[in-house]
Amino acid sequence: MPVEFNLEALTRNNIRQLSPYSCARDEFKGRAAEVFLDANENPYNSSFNRYPDPLQEQLKAQLAPLKGVGEKQIFLGNGSDEAIDLVYRVFCEPRIDNVVAIAPTYGMYKVCADINDVEYRAIPLTEDFQLDADALLAATDNNTKVIWICSPNNPTGNSLDANAIKRVLTEFGGIVVVDEAYSDFSNKQPFRTQLATYPNLIVLNTFSKLWASAAIRLGMAFASEDIIALFNKVKYPYNVNLLTQQKAMDLLTDIPRINNWRAIILRERAQMLPSFAELPTCLKVFPTDANFFLARMTDANRIYQYLVGKGIIVRNRSRVKLCEDCLRITIGTPQENNALLAAMRQYK
Ligand SMILES: *Cc1c(COP(=O)(O)O)cnc(C)c1O
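According to my numbering, the residues represented by the sequence shown are 281 to 628, in order.
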């Protein structure tokens with residue numbers, strides 16, 4: 281059954297009551313001005329002397345049509361990591377509230393839970409890495425504020441069943457975060473297009489993967505205007521620096537370049553998966569909708585060390601539950617992918 285969603289009741293009291301920091305640029309807005317003596321900036325060293333736009337409005341105006349969301353439905357932060365941390369700081373009362381998440385998944389959800397002193401309930405995926413909506417919902421109680429879902433999931437690479445995610449969104453009365461860091465590599469419909477249907481949905485995207493800009497640290501969250509307003513209230517006033525905002529806007533002027541990266545990476549992925557599966561040391565390549573794949577090997581630890589010796593670094597996920605003897609391998613350039621295959625073919 282659909283459950284009532286009450287954002288105000290979900291928000292921590294101190295956040296609901298917070299008077300946010302009011303910066304000089306917030307107080308003065310609108311009319312054109314030439315003399316700025318309001319923020320104790322140094323008048324020299326233009327254009328780095330001025331505080332950047334705290335709400336990154338120019339960049340959001342470029343992003344909104346591209347992502348099919350409203351400008352006020354976008355939060356930008358210092359990587360997705362900032363949005364993940366803000367979810368805890370806005371909704372979870374330390375030592376009282378809890379969150380539920382799939383397992384295995386991206387490690388930052390748990391690290392941020394630990395830092396914020398919030399209980400983290402990890403619910404295993406099924407054997408084929410699918411979402412068990414019943415188990416996820418059964419793990420919630422009155423103090424569960426957030427459910428973490430990642431699709432396509434890291435480290436497994438697969439997309440989770442959309443209907444199972446929709447069930448969680450409908451039947452859970454708290455916040456559901458769907459991390460779509462890798463949805464650009466999938467042909468499934470992304471959940472960020474469903475914001476109007478689900479008032480409790482937060483979708484995460486990032487500049488770090490398809491957009492090839494991990495170094496500038498820029499993550500995105502999409503949600504209702506009310507949820508984004510809460511994020512804006514709590515974030516550091518100037519959380520995205522000018523250099524990052526400019527680099528992102530430069531990047532977005534050349535969308536064909538980004539689409540070309542996607543085409544190359546998808547083509548390489550299509551070639552890599554069967555070639556890797558043919559290796560005598562590879563027991564299974566799991567289905568992927570991301571720019572990486574998970575492979576079960578005869579002896580992942582030994583193969584990992586062997587590849588390090590050859591100067592090739594992959595991710596050893598052997599110690600992760602359900603990922604025993606698995607390596608996670610990113611799709612690189614054709615040359616890099618061939619170097620990996622050549623090294624693996626020499627492995628004894
Ligand atoms: C890589 C990745 C991110 C990106 O994090 P940033 O802080 O934006 O670099 C987010 N979520 C998942 C699941 C990832 O694998």
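Every residue, glycine too, gets a C-beta built ideally from N, C-alpha and C. Since we're looking at a predicted model, the values are computed, not measured.
Residue range of the unbroken alpha helix (DSSP H) whose run includes W541: First-last of the alpha helix (DSSP H) with W541: I535 to A557.
Test item: CB-CB of I455 and I482 under 8 Å: yes
Residue of E460, A289, G350 and K309 minimising C-alpha distance to E505: G350
Cβ pair F409, N433 closer than 8 Å: yes
Residues near P300 by beta carbon distance below 6 Å, same chain, minus five either side: K513
Inter-residue spacing [alpha-carbon to alpha-carbon] between Q338 and E460: 23 Å
Closer than 7 Å: D361 CB and nearest ligand 1 heavy atom: yes
Pick from Q353, L416 and L531 that is closest to A492, judged by C-alpha positions: L531
Inter-stretch contact (C-beta, 8 Å, three-pair minimum) for the region 467-477 and the region 356-376: no
Closer than 7 Å: T436 CB and nearest ligand 1 heavy atom: Checking the Cβ of T436 against ligand 1 gives no.
Sheet register partners of V565 (DSSP bridge): A575
Secondary structure, alpha helix (DSSP H): runs of 4+ residues fully inside the region 375-426: You should have 388-395 and 413-418.
Under the three-state DSSP convention, the category R311 falls into: coil
Residue nearest to P470 in terms of C-alpha spacing, selected from K309, E284, I445 and N294: I445
Per DSSP, the bridge partner or partners of M500: M500 is bridged to L356 and N485.
Near ligand 1: A494 beta-carbon under 7 Å from a heavy atom: yes
Neighbourhood of Y627 by C-beta, 7 Å cutoff - its chain only, sequence neighbours within 5 removed: T561, I583 and Y586
Near ligand 1: C392 beta-carbon under 7 Å from a heavy atom: Result no, Cβ not under 7 Å from ligand 1.
heavy atom of ligand 1 below 7 Å from G499 C-beta: yes
Bridge partners - V458, DSSP secondary structure assignment: I429 and V483
Beta-bridge pairing of I609 - partner residues as DSSP gives them: F573
heavy atom of ligand 1 below 7 Å from Y386 C-beta: yes
Alpha-carbon to alpha-carbon, I544 and F355: 29 Å
Alpha carbon of N617 to alpha carbon of C303, nearest angstrom: 49 Å
T486 beta carbon near ligand 1 (any heavy atom closer than 7 Å): Correct: T486 has its Cβ closer than 7 Å to ligand 1.
Per-residue burial, S327 [other beta carbons within 10 Å of its own, 16 or more giving buried]: Exposed is the call here.
Residues near N322 in its chain [Cβ-Cβ closer than 7 Å; skip 5 each side]: N329
Heavy atom of ligand 1 within 7 Å of C303 beta-carbon: No, the Cβ of C303 stays beyond 7 Å of every heavy atom of ligand 1.
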